[in-house]
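All letters in the sequence shown, in the order written, are residues 169 to 651 by our numbering. Even for Gly, the Cβ is constructed at its ideal location relative to N, Cα and C.
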Amino acid sequence: MDKSQSTGLLFEISHKGRRCHLLPDCDVPTKTSAELLDKKYLSNDPTHLPEMAEIDIVRHFVNLSTKNMAIDCNFYPLGSCTMKYNPKRHERLGSLSGLAHVHPLQDDQTCQGMLEILWEMQNYLAEIAGLDGVSLQPAAGAQGELTALLVAAAYFRDKKEKRTKVLIPDSAHGTNPASAAIAGFDTITIKSNARGRVDMEDLISKIDSQTAVFMITNPNTLGLFDEQIVQITELIHKAGGLVYLDGANMNAILGITRPGDFGADMMHYNVHKTFTGPHGAGGPGSGPIAVRKQLIPFLPAPLIIKTTEGFKLDYDRPKSIGRVRSFFGNVGILLRGYFYIRTLGPDGLKQVSQNAVLNANYLLSLVKEAFDVPHGDRCMHEFVASARTLRRDKKISAMDIGKRLLDYGYHAPTVYFPLVVSEAMMMEPTETESKETLDHFAKTLIKIRDEDADFLHDAPHTLDISRPDEVKAAKEPMLRWKK
Numbered sequence: 169m170d171k172s173q174s175t176g177l178l179f180e181i182s183h184k185g186r187r188c189h190l191l192p193d194c195d196v197p198t199k200t201s202a203e204l205l206d207k208k209y210l211s212n213d214p215t216h217l218p219e220m221a222e223i224d225i226v227r228h229f230v231n232l233s234t235k236n237m238a239i240d241c242n243f244y245p246l247g248s249c250t251m252k253y254n255p256k257r258h259e260r261l262g263s264l265s266g267l268a269h270v271h272p273l274q275d276d277q278t279c280q281g282m283l284e285i286l287w288e289m290q291n292y293l294a295e296i297a298g299l300d301g302v303s304l305q306p307a308a309g310a311q312g313e314l315t316a317l318l319v320a321a322a323y324f325r326d327k328k329e330k331r332t333k334v335l336i337p338d339s340a341h342g343t344n345p346a347s348a349a350i351a352g353f354d355t356i357t358i359k360s361n362a363r364g365r366v367d368m369e370d371l372i373s374k375i376d377s378q379t380a381v382f383m384i385t386n387p388n389t390l391g392l393f394d395e396q397i398v399q400i401t402e403l404i405h406k407a408g409g410l411v412y413l414d415g416a417n418m419n420a421i422l423g424i425t426r427p428g429d430f431g432a433d434m435m436h437y438n439v440h441k442t443f444t445g446p447h448g449a450g451g452p453g454s455g456p457i458a459v460r461k462q463l464i465p466f467l468p469a470p471l472i473i474k475t476t477e478g479f480k481l482d483y484d485r486p487k488s489i490g491r492v493r494s495f496f497g498n499v500g501i502l503l504r505g506y507f508y509i510r511t512l513g514p515d516g517l518k519q520v521s522q523n524a525v526l527n528a529n530y531l532l533s534l535v536k537e538a539f540d541v542p543h544g545d546r547c548m549h550e551f552v553a554s555a556r557t558l559r560r561d562k563k564i565s566a567m568d569i570g571k572r573l574l575d576y577g578y579h580a581p582t583v584y585f586p587l588v589v590s591e592a593m594m595m596e597p598t599e600t601e602s603k604e605t606l607d608h609f610a611k612t613l614i615k616i617r618d619e620d621a622d623f624l625h626d627a628p629h630t631l632d633i634s635r636p637d638e639v640k641a642a643k644e645p646m647l648r649w650k651k
């Protein structure tokens with residue numbers, strides 16, 4: 169069905185004189201913009217705002233929404249993104265007026281309920297991590313990384329230690345070295361071994377007195393748990409450094425192990441991933457960090473504390489790195505994570521991870537018959553398959569497979585990451601998918617494998633947009649409409 173009439177740009181389907189609502193005449197004295205604002209803030213050019221009827225606006229956005237891939241409509245095996253189902257009861261609870269209508273500038277005594285929830289959330293995240301203190305401020309995982317590294321830098325400055333190096337495995341998320349660089353550190357890459365874990369010889373050769381932090385994702389981006397983790401953390405601690413756990417893959421280990429127990433000193437959560445905050449297309453996110461006791465003084469201010477008079481925001485933190493986010497973090501996502509934790513409890517969270525690992529291993533058992541799986545027959549919550557043999561024999565790439573999956577109503581896996589696997593396809597089914605969904609997805613992958621290569625090169629065939637020049641779009645974004 170052609171919906172182009174209603175899904176064009178608002179400016180294109182605008183008609184002069186159309187209105188959504190008719191406003192009554194103003195019954196108080198009015199002033200023009202020129203009377204209220206300095207001339208330097210006023211434009212001489214017309215605004216060219218779209219003029220539309222309400223029905224046109226509704227059709228425009230509803231029809232656009234049907235073009236989206238979303239977890240409510242499609243299986244979304246996007247590796248390292250944990251696209252699990254977001255319970256709708258959380259949306260209802262999050263919209264309760266006592267939560268949704270609280271203003272961050274209210275006096276502490278007028279929002280005790282909200283502060284109590286956030287204080288409890290701090291405690292839950294500390295307990296799940298096996299660490300001592302939590303800041304809820306960071307807005308997403310990458311900002312959580314940066315915040316933790318700024319905390320580490322402040323910690324070493326306070327100790328009068330000039331440590332400059334952050335060690336990062338080659339399988340890490342790209343945000344790890346970016347965060348380290350922004351925080352002022354030099355990044356040192358640690359190789360992976362043939363088993364997809366940290367190469368211990370390479371790590372040992374690069375640890376020295378300048379080592380500040382070792383960043384590790386465990387399970388890593390290959391979906392593998394590095395059983396060397398205790399040995400690794402002991403080596404870093406012996407050298408006087410700190411261990412940072414990238415919590416992107418916490419969905420694999422909830423209630424099974426805790427980062428603090430295997431030696432991590434600090435970590436971030438992706439609440440929007442692990443604890444079911446709706447996310448995608450860039451947000452919204454929430455990336456709280458948890459730290460050991462010695463790092464608590466350096467956490468962003470304010471922290472939420474409990475006193476004899478109730479809950480309050482504690483700004484009296486002289487060693488704090490300061491704010492990293494306006495107000496107190498992305499509270500809407502934190503609330504949904506809180507509801508999730510309270511609903512499931514410790515046993516339920518453990519079952520989440522057990523089922524996530526079970527689903528990933530089941531899907532792996534189906535996919536490995538058709539595609540290379542470079543690092544064995546077992547995984548944690550996700551795994552990386554490779555189209556390298558198809559690329560060699562039939563000139564079919566991971567991108568071709570991902571694009572063709574869109575025609576079948578599936579979101580593509582994460583392709584070409586991690587970088588240590590050629591033609592990588594990272595798949596994360598999460599715990600909320602059924603066996604039937606996984607069976608059908610695997611059959612679809614096998615069907616695509618056997619399709620004509622030239623046909624796949626032009627996929628997708630059923631969508632309005634097929635293969636835009638993504639590099640050009642990133643380098644030359646057109647974000648403003650021009651008449």
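Practice task
Express the C-alpha separation of residue 410 and residue 368 in angstroms, rounding to a whole number.
Solution key: For this step, residue 368 is matched to residue 200 along the sequence shown. For this step, residue 410 is matched to residue 242 along the sequence shown. Residue 368 and residue 410: Cα-Cα distance of roughly 17 Å.
Exercise for the section: Rounded to whole angstroms, what's the CA-CA distance from residue 608 to residue 578? Just pull it up for me. Expected result: One-based indexing of the sequence shown puts residue 608 at position 440. One-based indexing of the sequence shown puts residue 578 at position 410. Looking at the two C-alpha atoms, the distance is approximately 10 Å.
Handout entry: Under the three-state DSSP convention, the category residue 469 falls into
Key = Taking the first residue of the sequence shown as 1, we reach residue 469 at position 301. The answer is coil: DSSP assigns residue 469 none of H, G, I, E or B.
Problem - Closest by C-alpha distance to residue 416, when choosing among 549, 265 and 583 - result: In the sequence shown, the residue the question calls residue 416 occupies position 248. Among 549, 265 and 583, the Cα nearest to that of residue 416 belongs to 549.
Practice task
Can you tell me which of the three DSSP states residue 436 falls into?
Solution key: For this step, residue 436 is matched to residue 268 along the sequence shown. Residue state, collapsed to three classes: strand.
Handout entry: Bridge partner(s) assigned by DSSP for residue 595
Key = On the sequence shown, residue 595 is found 427 positions in, with the first residue counted as 1. Bridge partners of residue 595: 246 and 551.
Handout entry: Cβ-Cβ distance between residue 453 and residue 566 below 8 Å
Key = For this step, residue 453 is matched to residue 285 along the sequence shown. For this step, residue 566 is matched to residue 398 along the sequence shown. Contact: no.
Handout entry: Alpha-carbon to alpha-carbon, residue 384 and residue 372
Key = Taking the first residue of the sequence shown as 1, we reach residue 372 at position 204. Taking the first residue of the sequence shown as 1, we reach residue 384 at position 216. Rounded to the nearest angstrom, the two C-alpha atoms are 15 Å apart.
Handout entry: Buried or exposed (CB count within 10 angstroms, at least 16 for buried), residue 337
Key = Position 169 of the sequence shown, counting from 1, holds the residue named residue 337. Under this definition residue 337 is a buried residue.
Problem - DSSP beta-bridge partners of residue 360 - result: Here the question's residue 360 lines up with position 192 in the sequence shown. Answer is 366.
Exercise for the section: For residue 475, write down the residues that DSSP places opposite it in a beta bridge. Expected result: Numbered from 1 along the sequence shown, position 307 holds the residue referred to as residue 475. For residue 475, which the question treats as bridged, DSSP gives the partners 478.
Exercise for the section: Give the straight-line distance between the Cα atoms of residue 172 and residue 495, rounded to the nearest whole angstrom. Expected result: What you label residue 172 is simply residue 4 of the sequence shown in a count that begins at 1. What you label residue 495 is simply residue 327 of the sequence shown in a count that begins at 1. The alpha-carbon atoms of residue 172 and residue 495 are separated by roughly 41 Å.
Handout entry: Identity of the residues DSSP links to residue 383 by a beta bridge
Key = As a working note, residue 383 is residue 215 in the sequence shown. Note: residue 383 sits in a beta bridge opposite 412.
Practice task
Just list the alpha helix (DSSP H) runs in the stretch 482-553, keeping only unbroken ones of 4 residues or longer that don't cross its boundaries, in chain order.
Solution key: 499-535
Problem - Per DSSP, the bridge partner or partners of residue 166 - result: With the chain covering 169 to 651 only, the question about residue 166 has no answer from this structure.
Practice task
Per DSSP, which residues does residue 582 bridge with? Please list them.
Solution key: Numbered from its first residue, the sequence shown carries residue 582 at position 414. Looking at the DSSP assignment, residue 582 forms a beta bridge with 594.
Handout entry: Environment of residue 221 [buried if 16+ CB atoms lie within 10 Å]
Key = For the purposes of this step, residue 221 is taken as residue 53 along the sequence shown, with counting starting at 1. Classification for residue 221: exposed.
Practice task
Compute the distance between the beta-carbons of residue 218 and residue 243, then report whether it is under 8 Å.
Solution key: Translated into positions along the sequence shown, residue 218 becomes position 50. Translated into positions along the sequence shown, residue 243 becomes position 75. Contact: no.
Problem - Where residue 206 falls, given that 16 or more other Cβ within 10 Å makes a residue buried - result: Sequence index remark: in the sequence shown, residue 206 carries index 38 (1-based). Label assigned to residue 206: exposed.
Practice task
Determine the DSSP secondary structure at residue 319, reduced to helix, strand or coil.
Solution key: Within the sequence shown, the letter at position 151 stands for residue 319. Here residue 319 sits in helix by DSSP.
Problem - Per-residue burial, residue 323 [other beta carbons within 10 Å of its own, 16 or more giving buried] - result: By one-based count along the sequence shown, residue 323 stands at place 155. Buried is the call here.
Practice task
Can you give me the Cβ contacts of residue 584 inside the same chain, cut-off strictly under 8 Å, excluding the 5 residues immediately before and after it?
Solution key: Your numbering for residue 584 matches position 416 in the sequence shown. So the qualifying residues of the chain are 566, 567, 591 and 592.
Exercise for the section: May I ask you to report which of helix, strand or coil DSSP gives residue 303? Expected result: The residue labelled residue 303 in the question sits at position 135 within the sequence shown. Three-state result, residue 303: strand.
Exercise for the section: Select from 596, 633 and 279 the residue whose C-alpha is nearest the C-alpha of residue 441. Expected result: Position 273 of the sequence shown holds residue 441. Closest by alpha carbon: 596.
Practice task
Would you identify the three-state DSSP class for residue 588, choosing helix, strand or coil?
Solution key: Position 420 of the sequence shown holds residue 588. DSSP places residue 588 in coil when its eight states are reduced to three.
Practice task
Classify residue 639 as buried or exposed, calling it buried when 16 or more other Cβ atoms lie within 10 Å of its own Cβ.
Solution key: Position 471 of the sequence shown, counted from the first residue, corresponds to residue 639. By the neighbour-count rule (16 or more Cβ atoms within 10 Å), residue 639 is not buried but exposed.
Exercise for the section: Take residue 404 and list the residues in its own chain whose beta-carbon comes closer than 6 Å to its own, dropping the five residues that flank it on each side. Expected result: Your numbering for residue 404 matches position 236 in the sequence shown. The residues are 382 and 411.
Handout entry: Spatially closest choice to residue 286 from 276, 269, 304 and 184, by CA coordinates
Key = In the sequence shown, the residue the question calls residue 286 occupies position 118. Checked all of 276, 269, 304 and 184; the closest Cα to residue 286 is 304.
Exercise for the section: Select from 558, 557, 529 and 556 the residue whose C-alpha is nearest the C-alpha of residue 544. Expected result: One-based indexing of the sequence shown puts residue 544 at position 376. Of the candidates 558, 557, 529 and 556, the one whose C-alpha sits nearest the C-alpha of residue 544 is 529.
Exercise for the section: Output the distance between the C-alpha atoms of residue 493 and residue 563, rounded to the nearest integer angstrom. Expected result: On the sequence shown, position 325 is the one that residue 493 refers to. On the sequence shown, position 395 is the one that residue 563 refers to. Between residue 493 and residue 563, the C-alpha separation is close to 47 Å.
Problem - Among 389, 483, 572 and 418, the one whose alpha carbon lies nearest that of residue 364 - result: Position 196 of the sequence shown holds residue 364. Considering only alpha carbons, the answer is 389.
Problem - Contacting residues, own chain, Cβ-Cβ under 7 Å from residue 176 (five flanking each side not counted) - result: Along the sequence shown, one-based indexing puts residue 176 at 8. None.
Practice task
Specify, as a first and last residue, the run of the beta strand (DSSP E) that residue 459 falls within.
Solution key: What you label residue 459 is simply residue 291 of the sequence shown in a count that begins at 1. Taken as a continuous stretch (DSSP letters only), the beta strand (DSSP E) holding residue 459 covers 457-459.
Handout entry: Environment of residue 419 [buried if 16+ CB atoms lie within 10 Å]
Key = Taking the first residue of the sequence shown as position 1, residue 419 is located at position 251. It is buried - the Cβ of residue 419 has at least 16 other Cβ atoms within 10 Å.
Practice task
State the Cα-Cα distance for the pair residue 295 and residue 427, rounded to the nearest angstrom.
Solution key: Reading the sequence shown from its first residue, position 127 is the one you call residue 295. Reading the sequence shown from its first residue, position 259 is the one you call residue 427. Those two C-alpha atoms are separated by around 10 Å.
Handout entry: 8 Å Cβ cutoff met for residue 438 and residue 455
Key = The residue you call residue 438 lines up with position 270 of the sequence shown. The residue you call residue 455 lines up with position 287 of the sequence shown. Contact flag set, yes.
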